[in-house]
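Enquirer: First, the structure itself, so that you have it in front of you.
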Amino acid sequence: MKIVKEAIAGTLESSDLLVKVAPSDTREIVIKSEVFKQFGKQIARVVEETLDQLSVKAGSVVIEDKGALDCVIRARVQAATLRGSGSEDLDWRRLS
Amino acid sequence: MNAAGDFYDFHSVRPHEAPHEIEDVERLLAANNLELDSQIEIFVVCRQQGTVVACAGLDHCTIKCVAVAEHLRGEALSLRLGSEVVSLAAERGQFHLFLYSPPHNQSLFRGWGFYPLVEVPRQIVLMENSTVAIQRYCDRLREQRRPGATIGGIVLNANPFTLGHRYLVEQAATACDWIHLFLVREDASSISYADRFALVAAGVKDIDNLTLHQGSDYIISRATFPGYFLKDKALVDHSWAAIDLLLFREYIAPALGITHRYVGTEPFDLVTNSYNSEMRHWLQQPASPAPPIKVVEVPRVSIHGTPVSATEVRRLLAHRNFKAIEELVPATTMKFLEQDYPQIVQGA
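Respectively, the protein sequence lines represent chains A and B. Residue numbering for the first sequence follows this note's numbering, starting at 2 and increasing by one per position. Residue numbering for the second sequence follows this note's numbering, starting at 30 and increasing by one per position.
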């Protein structure tokens, strides 16, 4: 899946996160989190896995995390990526 | 979500379409020592039982006029407001956002995902919603770095490019090892950015120690124009110049190794004149941790006693006085004005 335009998903409220994606030549992930010290690595792993599942090889992904659970992180990253890919036909199996 | 959150009603308001709603917004702003900014295109307004309790305005890519009723602070309402305004901006195609804050409110906007760029001590902080955007911009600039002991920087609007601009660039190019010339990108002038850029490119083509750069949000742009929460109008202009100049000093100049900033003297235009004196303060004085940049004012060139200025060219253009214009602009600009003049007047 290719990120062809800028898009966002999520909110800045507690237990949620805001994900911004934008086109880029390489895959760059920037994570800001209120619980980065405790969970930074885990958040990064979830984001990487989610992008891998969607075969996102390039794109800038910026995350403003407010202590979201893994399932929320996955859902928001998926939503932002799908919006940014501008594609209509989804492979739902990849979103599990 | 807390229980009180259910009673918050968020909606967007275009100032021109709903003057009575804007009166409510103005009341909230006034209670927070803010004035309604006339540049705002759309507001996010939050009501609780009919009363406006929070608002945030959007002027292109800049968030302005943010206020939350005092009795509701500390209840996470601000984070909802932030989410709402960021998604509204996204719907309008704006993802890279700026925001001005008094220094003491910075932490609030950190919660919105905004990070400080430059600060005018005790007055304002310019923030953007990225930790990497300015660094990436500077990285791209660094690729254009040139060797030399004296590296000049010039910022022009060039609406349109005149022999006055040409003279300034020539003076700088003679005195410096290399010149970095930036063109203001904002399409707020009667001649479009693309046309202005083409005219400058044609006008400086023969100067071989010069790089012409695209403008950006970080150089004299709409985003670097604050002034909404400052009561004192004199302070507004002051801070506008300070923010723009500090961005130049702390990010752009170090990336390119710029040591001198060249500028034409401005005997007519008061705003530009005060900008030049601000420049001496914010670039040369120990007002910033970044190395100082020497400001060089080049006296404005006159032809047959007429000082050459773009303002004058535009005035003559309105009167179709091409004979007089011909003396003030290079041939490339002249050709453009003659060919495209009717379109420019329509667009002005």
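Glycine is no exception: its CB is placed at the ideal position from the N, C-alpha and C atoms. On a predicted model such as this, the values are computed, not experimentally measured, just so you know.
So, using beta-carbon positions, are Leu312(B) and Pro318(B) closer together than 8 Å?
Expert: no
Enquirer: Kindly provide the ranges of any beta strand (DSSP E) runs that are 3 or more residues long and lie completely inside the segment 102–139 of chain B, ordered along the chain.
Expert: 127–130
Enquirer: With distance defined between alpha-carbon atoms, name the residue in Ala76(A), Arg75(A), Gly68(A), Lys58(A) nearest to Ile4(A).
Expert: Lys58(A)
Enquirer: Quick one: what's Lys323(B) bridged to in DSSP?
Expert: DSSP, once it has assigned bridges, lists His289(B) as partnering Lys323(B).
Enquirer: How would you list, in chain order, the residues of chain B whose beta-carbon sits under 8 Å from the beta-carbon of Val5(A)?
Expert: Within 8 Å Cβ-Cβ: nothing; Val5(A) doesn't reach chain B, min ~14 Å.
Enquirer: Using a Cβ-Cβ distance cut-off of 8 Å, determine whether Ala377(B) contacts chain A.
Expert: For Ala377(B), the predicted model reports a pLDDT of 42, less than 50, meaning its position is unreliable; a value from the coordinates is still stated below. Cβ-Cβ to chain A under 8 Å: no for Ala377(B).
Enquirer: Under 8 Å between beta-carbons, which chain B residues line up against Lys33(A)? List them in chain order, please.
Expert: Gly142, Thr160
Enquirer: Since I believe Leu155(B) is in contact with Tyr129(B) (beta carbons under 8 Å), could you give me their beta-carbon distance rounded to a whole number of angstroms?
Expert: 6 Å
Enquirer: Tell me, to the nearest whole angstrom, how far the beta carbon of Ile71(B) is from that of Ser41(B); I am working on the premise that it is less than 8 Å.
Expert: 6 Å
Enquirer: Mind pulling the alpha helix (DSSP H) runs of 4 or more residues that sit fully within the segment 203–240 of chain B?
Expert: Counting whole runs of 4 or more residues, the segment 203–240 of chain B contains the alpha helix (DSSP H) stretches 222–232.
Enquirer: Using the C-alpha atoms, what's the distance from Cys90(B) back to Trp141(B)?
Expert: 15 Å
Enquirer: Does any residue of chain A have a CB that is nearer than 8 Å to the CB of Phe124(B)?
Expert: yes
Enquirer: When DSSP builds the beta bridges, which residues end up paired with Asp38(B)?
Expert: Arg76(B)
Enquirer: Once the 5 residues before and after Glu50(A) are set aside, which same chain residues still bring their CB inside 6 Å of it?
Expert: Nothing listed; no residue qualifies.
Enquirer: On the criterion of 16 or more Cβ atoms from any shown chain inside 10 Å, does Gly181(B) qualify as buried, or is it exposed?
Expert: buried
Enquirer: Applying the criterion that 16 or more other CB atoms from any shown protein chain within 10 Å of the CB defines a buried residue, is Trp207(B) buried or exposed?
Expert: buried
Enquirer: Chain A partners of Ala85(B), CB-CB under 9 Å?
Expert: Within chain A, no residue comes near Ala85(B); the closest Cβ sits about 12 Å away, beyond 9 Å.
Enquirer: Below 8 Å on the Cβ atoms is my contact criterion, and I expect Phe190(B) with Thr362(B) to pass it. Report the Cβ-Cβ distance as a whole number of Å.
Expert: 5 Å
Enquirer: Nearest to Val74(B) by alpha carbon, out of Ser245(B), Asp66(B), Ala96(B), Asn62(B)?
Expert: Ala96(B)
Enquirer: Using the Cβ count rule (16 or more neighbours within 10 Å means buried), how would you classify Ala81(A)?
Expert: buried
Enquirer: Can you name, in chain order, every residue of its own chain whose Cβ lies under 6 Å from the Cβ of Ala23(A), other than the five neighbours on each side?
Expert: Glu7, Ser61
Enquirer: Roughly how many whole angstroms lie between the Cα atoms of Ser331(B) and Pro44(B)?
Expert: 45 Å
Enquirer: Would you tell me roughly how many angstroms separate the C-alpha atoms of Pro132(B) and Arg94(A), rounded to the nearest one?
Expert: 48 Å
Enquirer: Please report how far the alpha carbon of Val78(A) lies from the alpha carbon of Leu110(B), in whole angstroms.
Expert: In a straight line, the C-alpha of Val78(A) is about 22 Å away from that of Leu110(B).
Enquirer: May I ask you to report which of helix, strand or coil DSSP gives Ser303(B)?
Expert: helix
Enquirer: Using 8 Å as the limit for Cβ to Cβ distance, is Val115(B) near chain A?
Expert: yes
Enquirer: Just list the residues that DSSP pairs Glu8(B) with in beta bridges.
Expert: Summary: the structure shown does not reach residue 8(B), with chain B confined to residues 30 through 377, and so no result is reported for it.
Enquirer: Note the first and the last residue of the continuous beta strand (DSSP E) segment covering Val184(B).
Expert: 180–185
Enquirer: With DSSP as the reference, identify every bridge partner of Val62(A), one or two as the case may be.
Expert: Val22(A), Ile30(A)
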